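Please read the structure below before turning to the comments.
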Amino acid sequence: MEKFASWLRTSVVYDYYMKYRLLCHNKLLKFFIGEFIGSYYIFYLTNCTAYLNYPTYICSLLVIFGLGPIIEILSPVCNGQFNTGISIVFFLRRGQTFWQTLVSIIAQFLGGLFSVLTLNFFFTDSLIAFSSKTYNFIQILSECFGSFILIFVLMLITYRKQNAALLIPGVIAAGCIALPSGMIVNPFIVICRLISNSNNNISWQSCLLLLFSEFIGFTLGFLTGEFILVEGEREVPESYYKLENVEIKPEISNQLERVFVDSQQPINEEIPMN
């Protein structure tokens with residue numbers, strides 16, 4: 005057994021395994037894999053009911069019991085975003101780098117694409133195929149409102165360090181029933197539904213209008229959340245803001261400069277030798 009273990013450690017297979025272990029420590033790759041898996045799962049979760057022609061409340065139950073665990077599991081790997089709007093908020097306010105955000109967004113769209121292709125393959129005899137569903141003004145307005153609520157709630161719960169895996173699925177599930185649009189609130193899901201072979205398939209005109217309404221909702225939600233955190237909270241942690249956005253008063257700047265100059269002076273005091 006020891007000889008076999010010794011041989012295994014010196015074999016080519018073990019060498020490739022160690023290279024794979026090193027690859028697993030690549031942070032950008034972890035973001036890509038985590039966002040890809042999560043986005044694939046979420047699109048499948050929220051759109052499979054359309055292929056089966058199930059009522060809306062079934063989708064809400066799937067969101068509550070399916071979205072929370074996947075956020076909890078993959079948050080340490082990729083921050084558990086699975087939404088382009090959330091990725092941008094994390095870039096602006098959670099210290100996520102530009103490349104991590106870009107990789108996450110690319111992975112989200114690829115995950116959604118593979119998910120819709122899987123659904124189209126499984127449900128080849130769907131009752132409604134490429135119906136080019138259109139949305140009216142009320143539905144588009146409700147999508148804007150849903151996007152506003154999502155980002156607004158996200159900013160507050162992340163600032164207060166509450167569990168997003170419990171609150172975000174609840175917000176989306178409630179919106180699926182309460183809002184005429186079904187609360188899609190996710191750009192990659194909207195775009196991937198262009199090729200969905202179900203009654204969730206939408207026209208490209210509706211896709212553009214939904215994306216625009218989501219952008220407006222995300223922006224208003226971010227600005228409102230920022231206002232609440234600045235004006236409504238008694239204390240805002242210093243880490244919440246980037247250093248370059250903090251204005252330093254002249255007198256404080258002069259004090260810091262004097263401290264720096266004093267720290268550069270040589271120490272003349274002799275150190276006793278034992």
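So for the sequence shown, the working numbering puts the first residue at 5; every next one is plus one.
No residue lacks a Cβ here, since even glycine has one placed at the ideal position from N, Cα and C.
Given the structure is predicted, the values throughout are model-derived calculations rather than measurements.
Cβ shell of Val107 (< 6 Å), same chain only, five flanking positions each side left out: Translated into the one-based positions of the sequence shown, residue 107 becomes position 103. Contacts found: Leu32, Phe35 and Phe36.
Delimiting residues of the alpha helix (DSSP H) encompassing Met187: Here residue 187 refers to the residue found at position 183 when the sequence shown is read from its first residue. Met187 -> no alpha helix (DSSP H), and no H or E assigned at all.
Three or more C-beta pairs below 8 Å linking the stretch 92 to 106 and the stretch 171 to 189: no
CA nearest to the CA of Gly221, picked from Phe149, Asn204 and Met159: Position 217 of the sequence shown, counting from 1, holds the residue named residue 221. Considering only alpha carbons, the answer is Phe149.
Local Cβ density within 10 Å of Thr53, reported as buried at 16 or more and exposed below that: Within the sequence shown, residue 53 is the residue found at index 49, counting from 1. Around the beta carbon of Thr53, a 10 Å sphere encloses 16 or more other beta carbons of the protein chains shown; the residue is thus reported as buried.
Closest residue to Cys82 among Glu39, Tyr48 and Thr88 (Cα-Cα distance): As a working note, residue 82 is residue 78 in the sequence shown. In terms of Cα proximity to Cys82, the closest of Glu39, Tyr48 and Thr88 is Glu39.
Arg1 in three-state terms, based on DSSP: The chain is shown from 5 up to 278; residue 1 falls before or after that span and cannot be answered.
Gln85 versus Phe94 - alpha carbon distance: Looking up residue 85 in the sequence shown gives position 81. Looking up residue 94 in the sequence shown gives position 90. Computed Cα separation, rounded: 8 Å.
Short Cβ contact (8 Å threshold) for Leu154 with Val194: If you number the sequence shown from 1, residue 154 lands on position 150. If you number the sequence shown from 1, residue 194 lands on position 190. In this structure, Val194 does not lie closer than 8 Å to Leu154 by Cβ.
Own chain partners of Leu49 with C-beta closer than 8 Å, once the 5 adjacent residues on each side are dropped: Numbered from 1 along the sequence shown, position 45 holds the residue referred to as residue 49. Cβ-Cβ distances below 8 Å link Leu49 to Leu66, Val67, Gly70 and Leu71 in the same chain, with the five nearest sequence neighbours on each side left out; the list follows chain order.
Burial state of Asn167, where buried means 16 or more other Cβ atoms lie within 10 Å: Numbered from its first residue, the sequence shown carries residue 167 at position 163. Residue environment for Asn167: exposed (fewer than 16 other C-beta atoms within 10 angstroms of its C-beta).
Glu76 versus Pro173, Phe226 and Phe231, residue with shortest Cα-Cα distance: Locating residue 76 in the sequence shown gives position 72, where the first residue counts as 1. That would be Pro173, whose Cα lies nearest to the Cα of Glu76.
Presumed contact (8 Å Cβ cut-off) between Ile109 and Ile74, rounded CB distance: Sequence index remark: in the sequence shown, residue 109 carries index 105 (1-based). Sequence index remark: in the sequence shown, residue 74 carries index 70 (1-based). Contact flag wrong, Cβ pair sits at about 18 Å.
Outcome for Val157 when other beta-carbon atoms lying within 10 angstroms are tallied against a minimum of 16: In the sequence shown, counting from the first residue as 1, residue 157 sits at position 153. Per the 10 Å Cβ criterion, buried.
Three-way DSSP call (helix, strand, coil) for Leu183 in this model: Along the sequence shown, one-based indexing puts residue 183 at 179. Coil.
Tyr44, DSSP secondary structure in three states: Taking the first residue of the sequence shown as 1, we reach residue 44 at position 40. The answer is helix: DSSP assigns Tyr44 an H, G or I state.
Pro117 vs Cys196 beta-carbon contact at 8 Å: Looking up residue 117 in the sequence shown gives position 113. Looking up residue 196 in the sequence shown gives position 192. The question names Pro, yet the displayed sequence has Leu at residue 117. A contact, by the Cβ cut-off of 8 Å.
Whole-angstrom distance between Arg25 and Tyr18, CA atom to CA atom: Numbered from 1 along the sequence shown, position 14 holds the residue referred to as residue 18. Numbered from 1 along the sequence shown, position 21 holds the residue referred to as residue 25. Taking the straight line from one Cα to the other gives about 10 Å.
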